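FYI, this note's numbering numbers position 86 of the sequence shown as 89, with every residue one higher than the one before it.
Virtual Cβ for every residue (Gly too), placed ideally from N, Cα, C.
Just so it is clear, the structure is predicted and the values come from calculations on it, not from any experiment.
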Amino acid sequence: MNAWLRQLTWRIPEDLSSPADVARYELNRALPGVSISLNQDDNLGDGYSVQRVSSGWQISGGKNGLLYGAYALILKALSGEAVPDDFASAPYYPLRMINCWDNMDGTIERGYSGRSLFFENGCFDYDPARMRELARLLASCGLNVLCINNVNVHEPAQRLLEDLLPEAAALAAIFRPFGIRLMFSVDFSRPLKHGVPTADPFDPAVRAWWRDTAARVYSAIPDLAGFLVKADSEGRPGPFSYGRNHADGANMLAEAVKPFGGWIVWRCFVYNCRQDWRDTKTDRPKAAWEHYAFLDGQFSDNVILQVKYGPFDFQVREPLSPLLLGMNHTNLAMELQLAQEYTGHQIDLFTMIPMWRELFSDLPANRIMSLAAVSNLGRDDNYTGHPLAAVNLYTYGLLAWDPSVDAEKAVTEWARLTYGFAAADEKKLTGLLLSSRRIYEKYTAPLGLCWMVNPHDHYGPNPSGYEYDLWGTYHKADRNAVGIDRTSAGTGYLDQYPPEFRQKYEDPETCPDLYLLFFHRLPYSFRMKDGRTMIQRIYDDHFEGYAETQSLAETLSALPFPEPDRAVILRRAEMQLHDAKEWCDIVNTFFHRLSGVEDAHGRTIYP
Ligand code: GCV
4 MNAWLRQLTW RIPEDLSSPA DVARYELNRA LPGVSISLNQ DDNLGDGYSV QRVSSGWQIS
64 GGKNGLLYGA YALILKALSG EAVPDDFASA PYYPLRMINC WDNMDGTIER GYSGRSLFFE
124 NGCFDYDPAR MRELARLLAS CGLNVLCINN VNVHEPAQRL LEDLLPEAAA LAAIFRPFGI
184 RLMFSVDFSR PLKHGVPTAD PFDPAVRAWW RDTAARVYSA IPDLAGFLVK ADSEGRPGPF
244 SYGRNHADGA NMLAEAVKPF GGWIVWRCFV YNCRQDWRDT KTDRPKAAWE HYAFLDGQFS
304 DNVILQVKYG PFDFQVREPL SPLLLGMNHT NLAMELQLAQ EYTGHQIDLF TMIPMWRELF
364 SDLPANRIMS LAAVSNLGRD DNYTGHPLAA VNLYTYGLLA WDPSVDAEKA VTEWARLTYG
424 FAAADEKKLT GLLLSSRRIY EKYTAPLGLC WMVNPHDHYG PNPSGYEYDL WGTYHKADRN
484 AVGIDRTSAG TGYLDQYPPE FRQKYEDPET CPDLYLLFFH RLPYSFRMKD GRTMIQRIYD
544 DHFEGYAETQ SLAETLSALP FPEPDRAVIL RRAEMQLHDA KEWCDIVNTF FHRLSGVEDA
604 HGRTIYP
């Protein structure tokens, strides 16, 4: 089952060695009898142009551009739309990255689609034909970098740079003809395991170890995209242990990969994960800025700081991270999460592109030089666990190619390629996909509050689950009020933003409703812009969210999904309905017990 490419039923032979070979093969199979010429023009890079000519079609493109042009033509032809006589495109971001959090024991951290794609029992373990199918899937939506191992580098993944390198090189060779370069997550402390007494980035022996390692790795995989690093974060080793900052650490690695054209993608997910809940001085969203903003301009030109879209951790609604707006002299990538860690585990529907569009409305596309997304892929037949979660992978590819992509158009395109429903059903499907994020948001934590999920597993409601924990994620609801004041009068988090952004959020009277409790601590009696009290709005959203999930489940069951998708979709819709009811009742009861305020409409809130 190949998601939106299910019409491409043929296997890709193993002896195709270049993007042009793959392009030629796919075109011959998809459009038999149509004459197509490929014209390599390296000036076009990953871009392409496709023209109808008297004999058929001509595709011009750089090395990989030819393949992107071929898939663009095939998808247009298969979608049943009239194919324009002449079309051209080029990607906005040079690196369009997927980060897999696969462990070598075969598990995937925050994976909801089965076991690892690449590993089992501490070894590489994959079906090469399936890898080619995956490569086709990624290339068909324009993605070009695949980090295969978890940013939490657990043994034996460190050995990808060592004795497992030949096998890693064999995997890289499978992806190469699809224009996809591999990347590895690396362990900053690795020199310690090789007789170097320190991992201090200023130590000459450490620098030499990384230089030698990079030379060895690049001789096996000359087009490796680079190394991805999670340092000084959630127990991972990093430069702080040696009194160095993150520019010191990243630049040391950058020096090692520079001769080979490699990148160091350095994550900015650094915060105190051992916070005492009694400590009111520390406010977790402030952490990334405090660790990185003062280093702006000090990173090497082959370092990219990878910043999660919001200052917390992939919540349903967070404001854009201030780092993405503030670091003007540093290469930045925004990190998204296709894996639905906090957004329903690929059980509940949550189509992300409306959220990404909102992020981009605050972030000019040219502030970042790349996009990265945590993978939602796994060994399940349909790759994404929930067949409809594939929409997030496909539309992420389109977004990384063109950050101005229209959400409705992208989702419709995916639905058309995947199911080819008649117009009325297609409209229903795209409508429910596009509304799914807001529905999920309504029945979970209210008004930007975040973190009411079950701790650690992150599925289902637990309003106080994180309240007395170590992770800095508190809402401090009491009988009068809820939320944390993050304005200058409070923790000062909002001061990290440029003035126009501060103005948008600093006054609760004008702050957009859906961010209200992210930035403010407010009494339940607070009047929302539409005149409702805040507590009434919480009750209303939760009842509405549940009712909308009921109709979402009904719509899904009426749509003509083919098997095996149908069975999976209906089973998960049942689970989502159960989840939405739990969320609705538990969150309403939680606030009702605290506030003592009755629902104005007399609906059931359990005592
Ligand atoms: C890979 C959150 C997740 C972790 C993840 C971490 C990260 O804390 O719960 O599973 O670790 O983010 O992004 O590094």
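With 16 as the cutoff for other CB atoms within 10 Å, does residue i come out buried or exposed?
i, result
"residue 308", "buried"
"residue 1", "The requested residue 1 does not occur in the structure, where the chain is confined to residues 4 to 610."
"residue 404", "buried"
"residue 13", "exposed"
"residue 317", "buried"
"residue 332", "exposed"
"residue 65", "buried"
"residue 161", "buried"
"residue 607", "exposed"
"residue 148", "buried"
"residue 283", "exposed"
"residue 532", "exposed"
"residue 278", "buried"
"residue 182", "buried"
"residue 314", "buried"
"residue 456", "buried"
"residue 297", "exposed"
"residue 202", "buried"
"residue 130", "exposed"
"residue 287", "buried"
From the DSSP output, which residues share a beta bridge with residue i?
i, result
"residue 311", "338"
"residue 572", "Answer is none; residue 572 lacks a bridge partner."
"residue 60", "39, 55"
"residue 111", "105"
"residue 269", "232, 308"
"residue 126", "123"
"residue 90", "53"
"residue 148", "100, 184"
"residue 511", "DSSP output for residue 511 lists no bridge partner at all."
"residue 530", "536"
"residue 484", "526"
"residue 464", "456"
Please report how far the alpha carbon of residue i lies from the alpha carbon of residue j, in whole angstroms.
i, j, result
"residue 543", "residue 537", "10 Å"
"residue 486", "residue 479", "6 Å"
"residue 570", "residue 343", "20 Å"
"residue 198", "residue 212", "10 Å"
"residue 115", "residue 592", "29 Å"
"residue 136", "residue 15", "7 Å"
"residue 262", "residue 334", "19 Å"
"residue 417", "residue 406", "17 Å"
"residue 242", "residue 145", "35 Å"
"residue 567", "residue 574", "11 Å"
"residue 476", "residue 310", "19 Å"
"residue 498", "residue 226", "42 Å"
"residue 540", "residue 398", "32 Å"
"residue 54", "residue 90", "7 Å"
"residue 125", "residue 159", "6 Å"
"residue 535", "residue 482", "19 Å"
"residue 164", "residue 254", "19 Å"
"residue 44", "residue 25", "17 Å"
"residue 361", "residue 23", "37 Å"
"residue 412", "residue 94", "18 Å"
"residue 61", "residue 27", "12 Å"
"residue 505", "residue 373", "26 Å"
"residue 256", "residue 557", "53 Å"
"residue 302", "residue 168", "28 Å"
"residue 581", "residue 553", "10 Å"
"residue 32", "residue 40", "15 Å"
"residue 355", "residue 500", "24 Å"
"residue 299", "residue 489", "24 Å"
"residue 112", "residue 8", "27 Å"
Does any C-beta atom of chain D lie closer than 8 Å to the C-beta of residue i?
i, result
"residue 467", "Given the protein chain composition of this structure (a single chain), no chain D is represented."
**Item:** Segments of 4+ residues assigned as alpha helix (DSSP H) that fall wholly inside the region 190-257
**Value:** Listed in chain order, they are 207-223.
**Asked** Counting pairs of beta carbons, one from the region 547-565 and one from the region 577-596, are three or more of them closer than 8 Å?
**Response** Yes: the two stretches touch, three or more of their Cβ pairs being nearer than 8 Å.
**Asked** Would you call the region 71-91 and the region 142-161 touching, i.e. three or more CB-CB distances under 8 Å?
**Response** The region 71-91 is in contact with the region 142-161.
**Prompt:** So does the region 99-115 actually touch the region 150-164, counting three or more Cβ pairs closer than 8 Å?
**Reply:** Below 8 Å, enough C-beta pairs join the region 99-115 and the region 150-164 to call them touching: three or more.
**Asked** Residue ranges of each beta strand (DSSP E) run of no fewer than 3 residues wholly in the region 344-416, ordered along the chain?
**Response** Entirely contained in the region 344-416, the beta strand (DSSP E) runs reaching 3 residues are, in chain order, 373-377.
**Asked** Taking contact to mean at least 3 C-beta pairs separated by less than 8 Å, is the region 443-459 in contact with the region 315-332?
**Response** Under the Cβ criterion (8 Å, minimum of three pairs), the region 443-459 counts as touching the region 315-332.
**Request:** Determine, using beta-carbon pairs with one atom in the region 258-276 and one in the region 228-236, whether at least three such pairs fall under 8 Å.
**Result:** Yes, since at least three Cβ pairs between the region 258-276 and the region 228-236 fall closer than 8 Å, the two stretches touch.
**Asked** Would you say the region 423-440 touches the region 468-475, given that touching needs at least three Cβ pairs under 8 Å?
**Response** No, the region 423-440 is not in contact with the region 468-475.
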